[in-house]
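Scroll down for the structure; my scribbles are underneath it.
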Amino acid sequence: MDWPTFIQSISNAVILGSIYATVAVGLALAFGVMQMANFAHGEFFMAGAYVVYVFYALGGMPFPAAVISAFPVVAALGVVTERFVFRPTRGNVLAGFMATAGVAFILQVIVGQVWGVGLMRSVPTPYMGAASILGAQVSWQRLIILPSTLVMVGGLWFFLHRVKLGKALRACAQDVEAASLQGININKITALSMAISGGFAGVAGALMAPINAVTPYMGHSIIVTAFIVVIVGGMASIEGSILAAFILGFIHTFVTTLFDAVLATMAGVAFMAIILVVKPTGLLGRVRM
Amino acid sequence: MAILEVKNLSKNFGGLMANRDLDLEVEEGEIRGVIGPNGAGKTTFFNVISGVYKPSGGTIKFDGTLISNLSPDKIAGLGVVRTFQRVALFPNFTVLENVNIGRHLHARESLFGAVFGMSKQKEIENLEKSRQIVDFLGMTEHQDELASNLPYGLQRALNVAIALATEPRLLMLDEPVAGMNPTETAEMTRIIRLIRDEMGMTVMLVEHDMRTVMNLCDKITVIDFGEKLAEGLPQEIRANKDVIEAYLGAEDIVA
Amino acid sequence: MMRYLAALAVLVGFAIMPEVIGEYYVEIMILFMINLILASSFRLITTCGDWSLSHVVFMGVGAYATALLAKFLGWPFWGTVLLGGMASAVIGLAVVFPLLRTKGFGFFIGSFALGEFVRLIWVKFHFPFGGPRGMIGIPSIELSDIDFYEAIPYYYLVLLFTIACLAILYRIDLSRTGKVLKAIYADEDLSRCIGINVARYRAMAFSVSAFFAGIAGVLLAHRLGAIDPKNFDVNTMVYLVIWVVVGGVGSFWGPLIGVAVMMLVGEAARPLAEWRPLLFGGILIVFLTLLPGGLDSLMSKVREMLDKRTADGTEKI
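Residue numbers (the numbering used here), protein chains in the order written: chain A, -16 to 272; chain B, 1271 to 1525; chain C, 948 to 1264.
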């Protein structure tokens, strides 16, 4: 691997890690509160990409505005999923998880029937050109992912640690019973965490829309990775999932560059299997799965 | 020779010392009581011996074999079987099925055996033995009821029955009469005595009910703050100054 | 007595069915029976509390193994079916090993990812697996001059295998081994403390169920003549989950009922075309939220009510 390729790969890995982090943080957050494991998280990602396709590519809205509007749209999907799937299956992680596979089916069909199943929807690149970093070329389109992730994860941290509602959410994640005794409305918190979770997946999908192939089935590829990240990081650990996201970003990028994409996915899975054997709680998790 | 030899046993969770340098020897055929105030580390002690927790230090020998680092199923296989403080049973099985699952160590079923019914004779024997145990605990009329439908007292008795079905050499009972009414307590006390006298098992029990412990046990070990405070015959323990102090305010020690 | 009569009636029904229904439905029935083996073997792992998301991948292992053996080595059917099952069982053991340290949801996700690993091997290696396009030209079965390329002979072959596999799985379910698996699910700590080697039993359940999934794969591969990695992806897995959830895993019959009902629904919903997955997704959600025990639990509730009625109304004889 020569020097420019190396630098290129590093920057690709960081950017890929950022996307994984944005997706996985949402997954870990929802799992932390009431063990909501969302199989449709990949479809939420897909929905975010379609928001950009519809608002920006079809509707002519400015790209940043389209990305931002992906948050409330997909957050709404999260709230609906919480109300009609997670709340009735509360206390049974597997049931909730399998039921959200149904949600995934429903979203795929609706999106496919409304905007077409066949060829991918093309989303024109809003930011042409590339920045030159230490001799490597990184497109602006990819580069904007980095500050976006920082803003979102930073915002989430601020919300969870400095805002009253966010603190209530953390209290819920630690001990539901104690939280409800303190007068925290559990249903409100679970809905809120699914809204944030959905919003994060939506924005990640929106950012990737001009880069990825936008199809109703694009969630498949991200959901496997997202769950690997969350398991490696330690289910329900937000810090752990961020750490694991970047590790996976590096594994995927470097194995893809050196070999191919299929092998990269396999390497990610193998890494997870090793973590499961060596440290079943995940890197930063406390609860053994 | 002592059937159970515990030397310098320690168990800590993070910074918390739940058991510290415990020494204990139980003779074959003995009924041993382990008592102590709440949070003294009795249940931890049981969990370590039965292999649920790994000890942080020290050794446990059963009948001369080192068992400190074995898994619970291996320890059970050697003949050390414990019950739980909670109601621990298989709720969707009948009483008889529950006890028969306890015969696991005495079943020699292979997968092929299961499919072609090759272990039939052995299973008939196991079922017969299970019936005897159900009968021994006076539960014959309930044998076909689902375990989840039993009243509390009988569920506790079933816990003991499942453990008995494994035919242990050392039976460890974690608060066997907790929550029972006086009649049930008296019955359970009688049964525990029979387990030793008729089945020849060694019994070690953790119990809060002082009357039961004093009545039943040949020897008592007192644990406080994870350490052994005293050990001796019931009347010695009753008179021990340290023990009375540790239990200060709990008048039931003399009851 | 009633039970034996019912079983006999079902058997006779299956035996004369090809004479009554058309060729199209014979093909559907072949798939139906293969799915019965798949769903019933899946239930075996769920009885010890392990829901695996890799089960269809083991069907794939059997299918690929048989394809390789029959196509490249020209093995006869009896060899491929045995080795196909064995290959699944062995790979099942390798897959379950790291998963034994996980439980419940962790097991579910972990099995999903490791199943993907196995599946990606087929995608990755063009030789001998054919890469993403899979393998074609898997020979059909020939046994003592009977050509199983025809649907009706194949139907009877699959019927034979289905009866054998379900009978074995049924025996396991009722045996001590089956009870031990249920005991592990009900109370793992207690199971351990009465001497049950939990890890060994979980691994065994996984491997045995992989074996039968492998057999289902062998039967599928010889019928389809072509397989590709997509046949065994998470989408197919979700359909298996739907069958099993709709039927319920509380009894041996639940998953079988689930496959029957959902394949009927699938046929009836053919006019919906591409909207069909939406229906299936909806059914999955409705069952998990409103009837988590599946149709099986509904039936046992009804049976209980009937029993109570007779118990109240009539005297014991």
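Cβ atoms here follow ideal geometry from the backbone N, Cα and C, with glycine treated the same way.
Contacting positions in the segment 1060 to 1074 of chain C - beta carbon closer than 7 Å to chain A: 1060, 1061, 1063, 1064, 1067, 1070 and 1071
For residue 980 of chain C, three-class secondary structure by DSSP: helix
Local Cβ density within 10 Å of residue 116 of chain A, reported as buried at 16 or more and exposed below that: exposed
Uninterrupted alpha helix (DSSP H) stretches inside the segment 172 to 233 of chain A (no shorter than 4 residues): 202 to 216
Closer than 7 Å: residue 1114 of chain C CB and nearest the ligand COA heavy atom: Among the ligands in the structure shown, none appear at all, so the ligand COA cannot be discussed.
Within the segment 1068 to 1149 of chain C, ranges of the alpha helix (DSSP H) (whole runs, at least 4 residues): 1073 to 1076, 1098 to 1121, 1123 to 1133 and 1135 to 1140
Nearest residue (CA-CA) to residue 25 of chain A, options A:250, A:252, A:199 and A:246: A:199
Where residue -15 of chain A sits in the DSSP three-state scheme: coil
Three-state class that DSSP yields for residue 1264 of chain C in the structure shown: Residue placement at residue 1264 of chain C is flagged as unreliable, the pLDDT there being 39, under the threshold of 50; a coordinate-derived value is accordingly withheld.
Any C-beta of chain C under 8 Å from that of residue 1372 of chain B: yes
Beta-carbon neighbours of residue 998 of chain C, restricted to chain A and to distances below 7 Å: 77
Distance CB(residue 119 of chain A)-CB(residue -10 of chain A) smaller than 8 Å: yes
C-alpha distance - residue 72 of chain A paired with residue 113 of chain A, whole-angstrom precision: 48 Å
Touch test, the segment 83 to 102 of chain A against the segment 58 to 72 of chain A, Cβ-Cβ under 8 Å, three pairs minimum: yes
Contact set for residue 1198 of chain C: own chain, Cβ-Cβ below 8 Å, skip 5 residues either direction: 1243 and 1247
Range of the contiguous beta strand (DSSP E) that encloses residue 1501 of chain B: 1497 to 1502
Cβ-Cβ distance between residue 1015 of chain C and residue 245 of chain A below 8 Å: no
Residue 1147 of chain C versus B:1277, B:1286 and B:1344, residue with shortest Cα-Cα distance: B:1344
Bridge-paired residues (DSSP) for residue 1533 of chain B: Examination of residue 1533 of chain B is not possible in this model, given that chain B is present from 1271 through 1525 alone.
Residue 1130 of chain C: contacting residues in chain E (beta-carbon distance under 7 Å): The structure shown contains no chain E; the protein chains it does contain are A, B and C.
Backbone secondary structure at residue 1282 of chain B - three-state DSSP: strand
Buried/exposed call for residue 1263 of chain C, threshold 16 Cβ in 10 Å: Reliability of the predicted coordinates at residue 1263 of chain C is poor, the pLDDT of 41 falling under 50, and the value obtained from them is presented with this limitation in mind. Answer is exposed; the Cβ neighbour count stays below 16.
Cβ-Cβ separation, residue 128 of chain A to residue 190 of chain A (assumed contact under 8 Å), whole Å: 5 Å
Within-8 Å CB hit, residue 211 of chain A to chain C: yes
Min CB distance residue 1049 of chain C to chain A below 8 Å: yes
Expected contact under 8 Å - CB spacing of residue 1310 of chain B and residue 1494 of chain B to nearest Å: 5 Å
The segment 1385 to 1410 of chain B: positions lying closer than 9 Å to chain C by Cβ: 1385, 1386, 1387, 1389, 1393 and 1396
Residues of its chain near residue 283 of chain A, where Cβ-Cβ distance is below 7 Å and the 5 sequence neighbours each way are ignored: Since the first residue of chain A shown is -16 and the last is 272, residue 283 of chain A is not available in this structure.
C-beta atoms of residue 238 of chain A and residue 219 of chain A nearer than 8 Å: no
6 Å Cβ shell around residue 232 of chain A - same chain, five flanking residues per side excluded: -4, -1, 0 and 3
8 Å Cβ cutoff met for residue 32 of chain A and residue 184 of chain A: no
Beta-carbon proximity check, residue 1043 of chain C vs residue 1138 of chain C, cutoff 8 Å: no
Pairwise C-alpha distance: residue 208 of chain A and residue 248 of chain A: 8 Å
Beta-ladder partner(s) of residue 955 of chain C, from DSSP: Answer is none; residue 955 of chain C lacks a bridge partner.
Residue 263 of chain A versus residue 217 of chain A - alpha carbon distance: 8 Å
Touching by the beta-carbon criterion (3+ pairs, under 8 Å), the segment 1051 to 1069 of chain C and the segment 992 to 1008 of chain C: yes
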